[in-house]
Amino acid sequence: MRGLYDLVKNEMIKMIKKKRFYVILLILLALIPMFTYAQMRVAQHTQKQFGTTDWKADQRQKIADWEKRLGSARTPDEWKQQLRVQIQIANYYLEKDVNPSSPNAVTFTREFVKNAVGLFIPLIIMVISADIVSSEHSTGTIKLLLTRPVRRWKILLSKLITVIFFTSLTVLATGLTCYLISGVVFGYNGWSMPVFTGIQLKGTDVDFSYVRAVDQWFFLLMEFGLVWFTAIVVAIMSLMLSVLIRSTAAGMGVMLAVLISGTILSNMVSSWETAKYLFMVNLDLTKYLTGGIPPIEGMDLSFSLSVLSVWTAAALIVSFTVFSRKDILN
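Positions 1 to 330 (full-length UniProt numbering) are the ones given, in order, by the sequence shown.
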């Protein structure tokens, strides 16, 4: 265990020297104030439009707009299904007198993470993990690393532990940065605000029989748990590419293409049933908590978790197998 500890310590030092994590923090510090300002402008526009801060007026206007789009012949059938679900959920929040987007730092953090889990968070995780092995080739340290009297699986395990640590740190930093910055504008309250979870879809109808209200702090824990799992999956897939592809730029390019294609496919593959077994189509796990429509019929939280777990296990097997047999002379 002492040998593994020293390896992990060495990998941590190398990761810190790369300064990738600091770059991610700078990105968060640059972008989150922009999103906070945009959200503030939306709130100001709503107040100016309706002459009140009453969220119900804004919610009724959204429902009216959705119903108008629903009645349009130019709206695709897939969008109509989404609109029907959104209208039913919005009406449910009105009936229960609960503001689904109450202006506070906790709600802002929850909404930001929900929208970021599909692409933004995977991209910043890729920045950390995509070159952890391939960079050894570009710097020429791979021979020194693999000729040490240490089992190769331990070397890769140390890199895996480092990736998981910095991935977890990135998810935590995203949440804290969102909360601290948005709280300056919206206030730091909202922890006990109710959020409805357990909304289930049955075709175009929404089943509210299993719905229960939970405090927003508890909902945030569930949401961040799913976001962390998604981030770990992306990190391990990036690690596998870093093992398979010696070029850091090529590995990042492949992972970038995969993540972007996943976002595109999620909006286009409703009729391609077998696409639900692709890992990038299953990354957005948080939508299941609040009754979001899955990309393909039949997908649910347990299904997506299972698919991602299988892909992760396969990526780990491939990574350790290839790394243990890697030819460092060519």
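Ideal Cβ positions, reconstructed from N, Cα and C, are used throughout, including at glycine. Quick caveat, the model's predicted, so the values are computed rather than measured.
If you check the CB distance, Val-171 and Arg-20 do not come in under 8 Å.
According to DSSP, Pro-33 shares a beta bridge with no other residue.
Bounds of the alpha helix (DSSP H) holding Asp-77 are 77 to 95. Remark: C-beta atoms of Val-254 and Leu-265 do not approach each other more closely than 8 Å. If you draw a 10 Å sphere on the C-beta of Val-310, you find fewer than 16 other C-beta atoms in it, and that means exposed. Straight across, the Cα-Cα distance linking Leu-201 with Asp-207 is about 6 Å. Taking Asp-284 as the centre and dropping the five residues before and after it, the same chain places the C-beta of Val-117, Gly-118 closer than 6 Å to its C-beta, in chain order.
The secondary-structure analysis by DSSP pairs Arg-212 across a beta bridge with Thr-197. Restricted to the segment 118 to 145, the alpha helix (DSSP H) segments that are unbroken, complete and at least 4 residues in length are 120 to 129, 134 to 139, listed in chain order. Taking all protein chains shown into account, Glu-223 has 16 or more neighbouring C-beta atoms within 10 Å of its C-beta and is therefore buried.
The criterion of a C-beta distance shorter than 8 Å is not satisfied by Phe-320 and Leu-144. Under a 10 Å Cβ-count criterion, Met-34 is classified as exposed, with fewer than 16 other Cβ atoms of the shown protein chains found around its own Cβ.
Below 8 Å, too few C-beta pairs join the segment 210 to 218 and the segment 294 to 302 to call them touching: fewer than three.
In terms of Cβ geometry, Ser-138 and Ile-245 do not form a close pair [threshold 8 Å]. Remark: three or more beta-carbon pairs, one from each stretch, lie closer than 8 Å, so the segment 104 to 113 and the segment 165 to 179 are flagged as touching.
Taking a contact as a CB-CB distance under 8 Å, the pair Ala-235 and Ile-125 counts as one, their CB atoms being some 5 Å apart. Nearest to Ile-317 by C-alpha distance, out of Ala-275, Lys-287, Phe-303, Leu-239, is Leu-239. When the five nearest sequence neighbours on each side are left out, the beta carbons in the same chain lying within less than 6 Å of the beta carbon of Ser-182 are those of Thr-36, Ala-105, Phe-108, in order along the chain.
Here Ser-261 is exposed, its C-beta having fewer than 16 other C-beta atoms within 10 Å. At a Cβ-Cβ threshold of 8 Å, Ala-64 and Thr-167 do not count as neighbours. Taking a C-beta distance under 8 Å as the contact criterion, Lys-154 and Gly-3 qualify as a contact pair. Annotation: the continuous alpha helix (DSSP H) that includes Asp-58 extends over 55 to 70.
In this structure, the beta-carbon distance from Val-233 to Leu-308 falls below 8 Å.
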